[in-house]
Amino acid sequence: MKQPIHCSTRTGTTLGYAQHGTGPTRVLVLHDWLGDHSSYNDLLPFLDCNAFTYVFADARGYGKSIEQTGEYTIEEMASDCLELVDQLGWARFHIIGHSMTGMLTQRLAANARSRVASAIAVCPVSAAGNRLSPEALAFFTSTMESDEALRRLLKFVSGGLCDGWVDRKIRQNRETVSPGSRAGYLEMLVTTHFVEDVRGLDTPFLVIVGDKDPGLDAIAMESTFLAWHPNAELQVFYGCGHYPMQESPPRFATVIENFLTRHST
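Going by UniProt numbering, the sequence shown opens with residue 1, and the numbers climb by one from there.
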């Protein structure tokens, strides 16, 4: 029988989170720039709650951490995550990051090599950051206020999913992401660069991309994650865009849990 979701909101600097499962393999999961931990809700029915404990954490300014402000840097994000796992009593854990927090999987693997058992980077921005042209940066900035611009972005990265899905994503963004964090993390994405800190890092990595996700495709991963990490492997979800945990949740659950099981010792 599937275990219920256990939610706990922390105060101070410790991130809020939702817990799912009570198994011995511990997995910390982070979200993308556009939404909080609830981006994974469609995945929950397919996860093995007896084998795994999943903690879906919210970065500062998102969801259960929406009142928290900060510098919105990758180092701050990594420090927050380590504080959270310390409070959870996890000596060793796995990390999953999506899009914006793809680079977080690398930062944590570098900062806590002995503690990160494996990492899964989903449609990830890498340690090289996402250098945007002035025009592209202006467009991303416009999505913070304009629903129409955000709709265009979501249609683009998802390969043109239906209006109902896009409407839900827009509501999620407006309700669960603070304006200050949107701007702060966008600056993080376009200015961060720590490739030399992760080059050669032997942490097992699974990189998942959708073939309909423009820009963050298999070719981009070959020159970043797979080039830098000797124990990295790539999984392409065909017919899928930037949100495989929503577009193909049963398959996504199967792929990540097979990988986590292989690297749980």
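For each residue, glycine too, the CB sits at the ideal point set by N, CA and C.
- In the structure shown, Phe205 adopts extended strand secondary structure according to DSSP, grouped into three states.
- Contact annotation: the segment 16–32 does not touch the segment 138–156, with fewer than three C-beta pairs closer than 8 Å.
- Non-local C-beta neighbours of Ala232 in its own chain, meaning closer than 7 Å and more than five positions away in sequence, comprise Phe205, Val207, Phe225 and Leu226, ordered along the chain.
- Around the beta carbon of His20, a 10 Å sphere encloses 16 or more other beta carbons of the protein chains shown; the residue is thus reported as buried.
- Secondary structure at Thr105: helix, using DSSP grouped into helix, strand and coil.
- Residue burial is scored here from C-beta neighbours: Ser158 has at least 16 other C-beta atoms within 10 angstroms and is therefore classed as buried.
- The segment 53–61 makes no contact with the segment 118–126, as fewer than three CB pairs between them are under 8 Å.
- Between Val116 and Thr203 the beta-carbon gap is near 6 Å, inside 8 Å, which marks them as a contact.
- Pairing Asp36 with Gly70 gives a Cβ-Cβ distance that is not under 9 Å.
- If one requires a minimum length of 4 residues, the alpha helix (DSSP H) runs lying completely within the segment 116–174 are 134–142 and 147–157, in chain order.
- When the Cα atoms are used, Lys169 and Glu247 turn out to be separated by approximately 13 Å.
- In this structure, the alpha-carbon of Gln172 lies about 12 Å from that of Asn41.
- Under the three-state reduction of DSSP output, Gln87 falls in the helix class.
- For Val198, the enclosing alpha helix (DSSP H) has its first and last residue at Val195 to Val198.
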